[in-house]
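Residues in the sequence shown are numbered consecutively from 50, following this note's numbering. Here is the structure we will look at, set down as C-alpha cells.
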Amino acid sequence: MQAFIFALTLAALPVVSNFIGAMIAEALPLSKQTLGLALHAAGGVLLAIASTELLPKVVSAKPVWATILAMFVGGAFYVWVNQLLNLSKNRLRGIDGNKVAWAIFLSIAIDLFGDGLMIGTSLTISAHLGVTLASARVVAHIPEGFVTNAEFKSQNMPRVQRFLMLAAFIIPVWLGATLGYWGLHGQSDLPKLVVLAFTTGTLITAIVEEIIPEAHQTQDTNWSTLTFIGSFALSILFSSYLE
C-alpha cells in the first residue's frame with residue numbers, strides 16, 4: 050500500500066505544476082498576444098509528448114494493428130466528446146459561445162490521465178523509472194495550466210469555478226495511476242500499450258483540431274512560431290536528460 054501511495058504522490062506532481070502555470074496566468078494581464086504564445090507553447094509541449102513518448106511505444110506493440118486500432122478509437126472518442134460539448138455548450142454555466150476552453154480542459158485531462166497511467170505502470174517496473182517519468186512531466190504542464198486558466202478567464206468564468214476546475218485535474222491523473230498500478234500490474238505489454246494508444250489518439254486529435262487552430266486565431270506572430278518550436282524542443286531536451 051505504501052508503494053501505491055507513492056505512485057499517487059508522484060502522479061500529483063504534474064497537477065501541481067499545472068496549477069503553477071495557472072497562477073502565472075492569474076497574475077499576468079490577459080491579452081491576445083499572451084494567450085497566443087501560451088497556446089503555441091502548449092501545442093509544442095503536447096506534440097512533443099505524443100510524438101516522442103507515446104507514439105514510439107504504440108508502434109512497438111506486437112501485433113501493431115491492435116494499438117493502431119486503439120489509437121483510432123481514441124481519436125473517435127475525442128470527436129464524440131467534442132460533439133457532446135458542442136451540443137451542450139449553451140447549457141453549461143459560465144460558458145459563452147466559445148467551447149475551446151473546454152476542449153483544452155479535456156485535452157489536458159486526457160494528457161494527465163496518460164501521465165498517471167505511465168507513472169503508475171512504470172512504478173511496477175522500477176521506482177527510478179517512475180520518478181524519472183514524473184519529473185519529466187512537471188515542466189511540461191506549466192504552459193498547459195497557463196493556457197487552461199487563461200482561456201477560462203477570457204470567458205469571464207468566476208475565479209472559484211476556475212480553481213475548482215483546476216483542482217479537478219487530480220481526478221484523471223489519479224485514475225490513470227490507479228489503473229496503471231493495479232489494473233495493469235502483472236499484465237503483458239500489449240494491454241498497457243493498447244491503453245497508451247487510446248490516450249495518444251485522443252491527444253493528437255485535440256492538438257490538431259482544437260489547440261493549434263485556436264492558437265492561429267489569436268495575435269499570431271513570428272514569436273508565436275518560435276514559441277511553438279521552442280517549447281517542443283525544450284520538452285524533448287528535458288525528457289532526454291531524465292532518461
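Note that CB positions come from ideal geometry on N, CA and C, so glycine has one too. Here the structure is a predicted model, which is why all the values come from computation and not from measurement.
Inset, instruction - Starting from Ala264, follow the alpha helix (DSSP H) in both directions and report where the run begins and ends. - result: That run of the alpha helix (DSSP H) goes 261-265.
Legend entry - Where Trp151 falls, given that 16 or more other Cβ within 10 Å makes a residue buried: When all chains shown are included, Trp151 counts as buried.
Inset, instruction - Inspect the beta-carbon positions of Gly179 and Leu59 and report whether they are closer than 8 Å. - result: It is a contact, given that the beta carbons lie within the stated cut-off.
Legend entry - Proximity below 8 Å, CB of Gly169 to CB of Phe247: Judged by their CB atoms, Gly169 and Phe247 are not nearer to each other than the 8 Å cut-off.
Inset, instruction - List the whole-angstrom C-beta distance separating Phe201 from Arg211, where the pair is believed to meet the contact cut-off of C-beta under 8 Å. - result: Right, their Cβ atoms sit about 5 Å apart.
Legend entry - First through last residue of the alpha helix (DSSP H) which encompasses Leu213: Judged by DSSP secondary structure, Leu213 falls within the alpha helix (DSSP H) whose first and last residues are 208-216.
Legend entry - Three or more C-beta pairs below 8 Å linking the region 54-70 and the region 249-268: Result no; under three Cβ-Cβ pairs closer than 8 Å.
Inset, instruction - Measuring alpha carbon to alpha carbon, tell me which of Leu283, Ile285, Phe277 ends up nearest Leu86. - result: Of the residues Leu283, Ile285, Phe277, the one whose Cα lies closest to the Cα of Leu86 is Phe277.
Inset, instruction - Within the region 59-127, note down every full alpha helix (DSSP H) run reaching 4 residues or more, in order along the chain. - result: Counting only runs of at least 4 residues, the region 59-127 fully encloses the following alpha helix (DSSP H) elements, listed from N- to C-terminal order: 81-97, 104-107.
Legend entry - Nearest-angstrom Cβ-Cβ length linking Ala90 and Ser289, presumed shorter than 8 Å: Ala90 to Ser289, Cβ: 19 Å. No contact.
Legend entry - Chain-order list of residues whose beta-carbon lies under 8 Å from that of Ile256 (same chain, five-residue window excluded): So the list reads Gly92, Leu95, Leu96, Ala99, Ser156, once near-sequence residues are dropped.
Inset, instruction - Counting only the same chain and skipping the five closest in sequence on each side, list residues whose C-beta sits under 7 Å from that of Ala115. - result: If the five residues before and after Ala115 are omitted, its C-beta is found closer than 7 Å to the C-beta atoms of Leu239, Val243, all from its own chain and listed in chain order.
Inset, instruction - Have a look at Thr227, Asn205, Val222 and flag the residue whose alpha-carbon is nearest the alpha-carbon of Ile159. - result: Just measuring C-alpha positions, the residue of Thr227, Asn205, Val222 sitting nearest Ile159 is Val222.
Legend entry - C-beta atoms of Gly165 and Leu245 nearer than 8 Å: It is not a contact, given that the beta carbons lie outside the stated cut-off.
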